[in-house]
Every structure is written in C-alpha cells, then in structure tokens.
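A.B. asks: Numbering (this note's numbering), first residue to last: 1339 to 1602.
Idealized CB from N, CA, C, for every residue including glycine.
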Amino acid sequence: MAYESLADVYDAFNEDANYEALYEKIQSVLHRAGISKGIIADLGCGTGDMTLMLAQSGYDMIGIDASEEMLCILREKAAELEVEGLLLLQQDLRQLDLYGTIHAAISTFDTFNHIGPYEEFEKALVRSALFIEPGGIFLFDLNTPYKQEHILANHTYEMEAQDVLCLWKNRYDEKTRATHISVEIQDKETGERETDAFVEYAYDLPQVRRACEEAGLNILEICDGETFGELTPTSQRYCITAVKRSDKNCNAIYQSKENEAWED
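See the structure below:
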C-alpha cells in the first residue's frame, strides 16, 4: 500500500467517517472485556485520529503504519493536542515486531483489506495476534465482498476537498477478488499532479474465521461496521471482535450475561 501522495489530504477526504460512533464501539468492547487501561496497538493507524482519541482516554497507545508520511502527520497532531507518550512505528503488519505484549489491538478503515492475497492476510493476522495477551481483544474491520464487487467495482469517482481534486479509479478482478485502485491528486491552484496505486482484497466470512482460528483468536461478534447493528446482504463493512485464546477457556473472562450481550 502506498498512500504517500494521499497522506496530506487523507483527513479531508475521510471527513465523513463517523469517528465518534467507532470510538464508542471500541470503548464499549474494551470496557466489556475489563480493559479500561493498558497498552493498545492501532494497526494501520494512518493519520491517527483514533489513536489520539484513545490516548486521550488514558490508554498507552502504539501507532503502527507502513507510511512514514501518515506517521509524520500523526506526530504533528499529537504535538498540537499535547498528547505525549505515543510510540509510533513504521512497520509492515506482516512483519510486525513489538517490544512486548499488549492488552488489545484495533485496526480500522479496512487496513487488512490492503494485505493480500489470502496467505499474506493470514500471516498479518497471526503476527498481530502474537503480541496480544491471552484474554486480550482484537477489534478490526474489513470492507465486505459486496462493497468490493458492487460499490468499488470498476467505478471511477471524482472528489474535491480543500484545494485539491482527486480522481479515484477502481478495477475489480473477479478471478483474484482484488480491486486495483489508482488515485490521482491534483492541486487546483498549481495544477501539480501526484499519483498513488494500491490493491484491496475481498475476504468472505469463512476466510476471516479460518484466519482468526489460525491466529489463536476466538471471534465474539461480527456486526455491520458502519451501523454496528446486524449484518445485512448489503453491509459494506464488517466489524470483527475477537479475543486471544489461552490455555484456559478464554471466554471465561466474560460472565454468562456478558456472553449474551455479544449476541445482542
């Protein structure tokens, strides 16, 4: 995944994202698991709005992203907000290497769709779960196959934000279930153009469950990643909540009423 050219305008083009609802979902999951403090890794943190929101809530945050440009913007935001103590790492999630264990991990806005094909996706999931303590939580989302096939598909989108224009072109490969994306950013004043290209892979729920099993994760809940209600055939995003297994039954950390709540 590139995103070097997109880093400076990422927030402007992502301004419609409902960070507050996502933050509330993450907080609800963490509190239900008894994680009100501790170390949380934000995998594919981007420019770090969620990283900063959780840091301001008292968590010790690690932000990991493959793009140094994204991390630079996150550093600037942290300085402006006077948020201290962040550990920011430029790493590929398939080779993730932390300095110790963490209490939870999150990965939002389809980070794991950028990792593929499936064997690489599984490798990244296994590597990410490796550092989560037994009983710890991993909450991540994925664009659904429906979105890849019908919304992104072979469509081209034109977007405008700040002083730039963005031309976003998708090319969906049915055989590999991969969406090849090219992005052209143009400065409206100078006419200067920059381009990025990356790929998003579609993963269905059986694949997700198989990868989680391989990673030592028990799935607690899969819901719609935009409404946080029940999945529908046209849901565009999965939100997956999983717990790291231990020698004991990891679900024992939740009382029976709590287990029922995951199904609500």
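(1) Please check the pair residue 1415 and residue 1436, which I expect to be a contact at CB under 8 Å, by giving their CB distance rounded to whole angstroms.
(2) Tell me whether the beta-carbon of residue 1409 lies closer than 7 Å to the beta-carbon of residue 1425.
(3) For the segment 1468-1477 against the segment 1485-1495, do three or more pairs of beta-carbon atoms, one drawn from each stretch, fall closer than 8 Å, so that the two count as touching?
(4) Alpha helix (DSSP H) containing residue 1365: first to last residue?
(5) In the DSSP assignment, the alpha helix (DSSP H) including residue 1581 goes from what residue to what residue?
(6) Just to confirm the assignment: which complete beta strand (DSSP E) runs, minimum length 3, are found wholly within the segment 1386-1455?
(7) Between residue 1449 and the rest of its own chain, which residues show a CB-CB distance below 7 Å, the 5 nearest in sequence each way excluded?
(8) Alpha helix (DSSP H) containing residue 1571: first to last residue?
(9) Are residue 1462 and residue 1431 touching if we call contact CB-CB under 7 Å?
(10) Use the C-beta contact count for residue 1358: other C-beta atoms within 10 angstroms, 16 or more gives buried, fewer gives exposed.
(11) From residue 1528 to residue 1347, what does the alpha carbon distance come to, in whole angstroms?
(12) Would you call the CB atoms of residue 1546 and residue 1475 closer than 7 Å?
(13) Distance, Cα to Cα, residue 1420 vs residue 1399?
(14) For residue 1596, which of helix, strand or coil comes out of DSSP?
(15) Considering only residues of the same chain and omitting the five flanking positions on each side of residue 1396, which have a CB-CB separation below 6 Å?
(16) Applying the 10 Å Cβ sphere with the 16-neighbour rule, what's the burial state of residue 1535?
(17) Taking only the alpha-carbon atoms, compute the straight-line gap between residue 1366 and residue 1531 and give it to the nearest angstrom.
(18) Which one or two residues does DSSP pair with residue 1537 in a beta bridge?
C.D. replies: Concretely, from the data shown:
(1) At roughly 22 Å, the Cβ-Cβ gap does not stay under 8 Å, so residue 1415 and residue 1436 are not in contact.
(2) no
(3) no
(4) 1357-1370
(5) Careful: residue 1581 lies outside any alpha helix (DSSP H), inside the beta strand (DSSP E) at 1575-1582.
(6) 1398-1403, 1425-1428, 1440-1445
(7) 1381, 1382
(8) Per DSSP, residue 1571 belongs to no alpha helix (DSSP H) and is neither H nor E.
(9) yes
(10) exposed
(11) 16 Å
(12) no
(13) 14 Å
(14) Note that residue 1596 scores 40 on pLDDT, short of 50, meaning its location in the model is unreliable; the coordinates nonetheless yield the value given after this. DSSP places residue 1596 in helix when its eight states are reduced to three.
(15) 1375
(16) exposed
(17) 42 Å
(18) 1518
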